[in-house]
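Note that this note's numbering has the sequence shown beginning at 5, numbered continuously upward.
The beta-carbon is built from N, C-alpha and C at its ideal position, and this holds for glycine as well.
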Amino acid sequence: MKTRFARTMLVALIAVLPATGSWAATRIASLYIENFNELQRQLSLAGTLYEAPSLNMLPIMLTSQLPGAGGMDNSQPIAVHVMDTGADKPGIVLEVSAVATPEAFLKNLVGADAPLPAAVDGLYKLADGTLARIVGKRLFMMPGTMGGGDAALLKSLIDSKPAMPVLPGAIRVTVLPSAMLPMIDKGLREFENMPATDAEAVAARTMLKAMLDFYRQAFSQIEALHLGVAVQNEGFFLRSRLAPRAGTDAAAIIASMQPVQNAQLAFIDKDALFSYASGRVELPEKLKQGVIKWYTDMLALNPVTKGVSSEAFAALMALSMKQIGRPLAGSFGVAPDGRTVQMQGVIQMADAAAYLDEYFALVRKPEVQKSMGMKFTEPVSRMHQGTKIMTLRGLVDEKTFEAMIPGAVPEQMDAMRDTIGILGAMGFTSNDISYAATPGAMVYTMGPSGAIEQALGRLKAPASAEATRIRTVLAPSAA
């Protein structure tokens with residue numbers, strides 16, 4: 005039964021993906037290299053920092069994939085634009101500057117034994133299918149070795165004037181999610197036409213359609229996402245900038261964002277595997293309700309939780325959404341004993357005690373435990389400097405996990421049990437999970453004895469030295 009459901013999901017996805025490949029001559033993404041000289045410098049630094057000298061060869065490998073690379077000006081930006089063409093394959097437009105002239109660059113592509121064809125209305129057509137236009141000192145071309153293209157598509161890209169994002173980084177990426185909407189819309193129409201031969205097929209189609217609907221709503225609110233990849237003396241940096249569409253929930257969310265405060269920055273730990281901190285942000289109520297409904301509907305369609313009342317799921321999701329947008333921070337790493345893992349976190353909230361009461365009531369419900377694949381012991385309470393601490397332990401429910409792996413063969417189940425054993429040795433399934441409610445925050449930990457007390461002590465601590473260091477290296481002047 006579960007195997008058939010998984011196969012139905014896979015077949016449905018495969019049937020739609022080819023049809024959603026492209027829809028209109030629109031730019032959907034661009035990859036920029038600031039210039040090859042800067043790329044070489046940063047990769048050389050990365051090779052030293054990470055003891056990976058092979059990174060020095062990456063620019064040469066990239067150059068070998070670009071037509072006419074020997075004639076490119078290595079001090080100028082290079083861009084690869086991906087276009088939605090309406091065909092099965094996307095259109096690729098290469099944008100470069102020539103070390104001599106754009107005409108000389110094209111002549112080099114043609115070869116010494118053949119003349120460069122004359123441009124017609126500014127468009128060069130080479131024998132191998134390459135199309136090219138010269139704009140100032142920049143050359144835009146659709147190489148024949150990359151599928152070629154058509155003049156209208158090339159002109160539409162040039163008219164859009166795609167600019168390299170202003171972000172630190174030898175490699176920069178621009179993604180235009182809203183430009184992908186026609187592709188998603190076509191996929192949704194394909195789902196409507198898919199035959200549904202039985203209840204499992206209907207459920208599979210419904211789940212995948214809901215996923216596409218979710219992505220469509222998200223993509224429709226984002227004009228552009230820009231990424232900058234840089235290597236500095238302190239290590240690898242990934243910076244991002246998101247441009248929302250005006251009047252959308254995404255725009256409202258971004259406008260509501262507040263800076264992180266010292267109350268969160270005290271949890272940034274130098275010795276942790278990773279740490280995080282976030283300031284306050286406001287989510288529109290309609291968006292919250294939409295997310296709750298989406299997740300609840302997904303759980304209702306899942307074979308593992310099929311037939312279980314969705315009321316508890318909805319309540320758990322509604323409770324989880326109360327956390328979203330509040331100032332929070334946390335760290336995850338190796339515990340002081342050097343053998344197990346430890347997690348510490350804080351969420352700023354005035355109603356932490358009521359929140360925990362509701363949370364513990366929900367996780368006791370069998371349907372909630374079934375959806376999580378975990379069973380929890382009854383919480384044990386104790387006091388620490390006037391603060392009530394609640395501690396419990398989560399136990400893996402192997403039968404539920406087996407049901408979560410459709411059609412699993414014995415070897416897969418053995419591997420799953422081995423994984424659970426490893427997680428147990430690391431403390432994921434044997435460490436205490438503790439919660440504490442203070443007048444202004446909820447603190448939680450997973451780890452050996454003493455972790456929650458240490459986390460409570462951080463509430464009154466200033467920003468950590470590591471947080472101060474990170475702020476310094478992230479300053480624009482440090483890039």
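Where the alpha helix (DSSP H) through residue i begins and ends
i      : result
Val367 : 356–367
Glu457 : 455–462
Ser164 : 155–164
Gln46  : 40–53
Ile138 : Premise fails: Ile138 lies in the beta strand (DSSP E), 135–139, not in any alpha helix (DSSP H).
Val114 : 106–114
Thr67  : 62–68
Contacting residues, own chain, Cβ-Cβ under 8 Å from residue i (five flanking each side not counted)
i      : result
Gly283 : Met261, Gln262, Pro263, Val264, Gln265, Gln268, Pro331
Gln389 : Leu460
Ala104 : Gly75
Asp341 : Pro452
Selection from the options that minimises the alpha carbon distance to residue i
i      : options                        : result
Met347 : Gln458, His230, Leu185, Gln69  : Gln458
Leu135 : Pro119, Leu157, Ala116, Phe241 : Leu157
Arg209 : Glu196, Tyr219, Ala122         : Glu196
Asn78  : Ala102, Ala455, Ala50, Ile162  : Ala102
Ala183 : Asp217, Phe109, Arg31, Ala123  : Arg31
Gly444 : Gln221, Thr391, Gly454, Ile258 : Thr391
Tyr363 : Ser324, Pro199, Val179         : Ser324
Gln44  : Leu59, Leu35, Tyr54            : Leu59
Ile474 : Leu143, Phe271, Gly133         : Phe271
Assumed close pair residue i, residue j - CB separation to whole angstroms, cut-off 8 Å
i      : j      : result
Gln98  : Pro147 : The sequence as given places Leu at residue 98; Gln does not occur at that position. With 8 Å as the limit, Leu98 and Pro147 qualify as a contact, their Cβ atoms being about 6 Å apart.
Ile37  : Ile96  : Actually they are not in contact, since the Cβ atoms of Ile37 and Ile96 sit about 15 Å apart, beyond 8 Å.
Met302 : Met211 : 7 Å
Leu130 : Arg137 : 12 Å between Cβ atoms; not a contact.
Gly140 : Asn112 : About 19 Å separates the two Cβ atoms, so there is no contact after all.
Gly349 : Ala339 : Between Ala339 and Gly349 the Cβ distance is about 15 Å, and since that is not below 8 Å, they are no contact.
Ser468 : Asp273 : 7 Å
Leu57  : Leu47  : In the sequence as displayed, the identity of residue 57 is Pro instead of Leu. The Cβ separation is near 10 Å, so there is no contact.
Helix, strand or coil at residue i [DSSP, three-state]
i      : result
Tyr299 : helix
Gln265 : coil
Arg249 : coil
Glu227 : strand
Ala28  : Residue placement at Ala28 cannot be trusted, given a pLDDT of 46 that sits under 50; what the coordinates show is reported in the next sentence. Here Ala28 sits in coil by DSSP.
Val413 : Any reading at Val413 must be qualified, since the residue scores a pLDDT of 48, below 50, and its modelled position is unreliable; the value itself is stated next. Note: Val413 maps to coil in three-state DSSP.
Met398 : In the sequence as presented, Met is not what sits at residue 398; that position holds Gly. Strand.
Thr472 : helix
Asp275 : coil
Ala73  : helix
Met198 : coil
Leu305 : helix
Arg176 : strand
Leu320 : helix
Val477 : helix
Gly191 : helix
Leu242 : strand
Beta strand (DSSP E) segment containing residue i, residue limits
i      : result
Val100 : 95–101
Gly337 : 332–338
Gly349 : 345–352
Ala56  : Note, Ala56: premise wrong, no beta strand (DSSP E); not H, not E.
Ser438 : 436–441
6 Å Cβ shell around residue i - same chain, five flanking residues per side excluded
i      : result
Thr395 : Val384, Asp436, Ser438
Ala441 : Ala356, Ala357, Leu360
Leu246 : Leu229
Gly232 : Leu171, Pro172, Gly173, Arg176, Arg243
Glu238 : Val477
Val100 : Met76, Ile82, Leu143
Residues near residue i in its chain [Cβ-Cβ closer than 7 Å; skip 5 each side]
i      : result
Trp27  : Any reading at Trp27 must be qualified, since the residue scores a pLDDT of 39, below 50, and its modelled position is unreliable; no value is offered.
Ala214 : Trp298, Asp301, Met302
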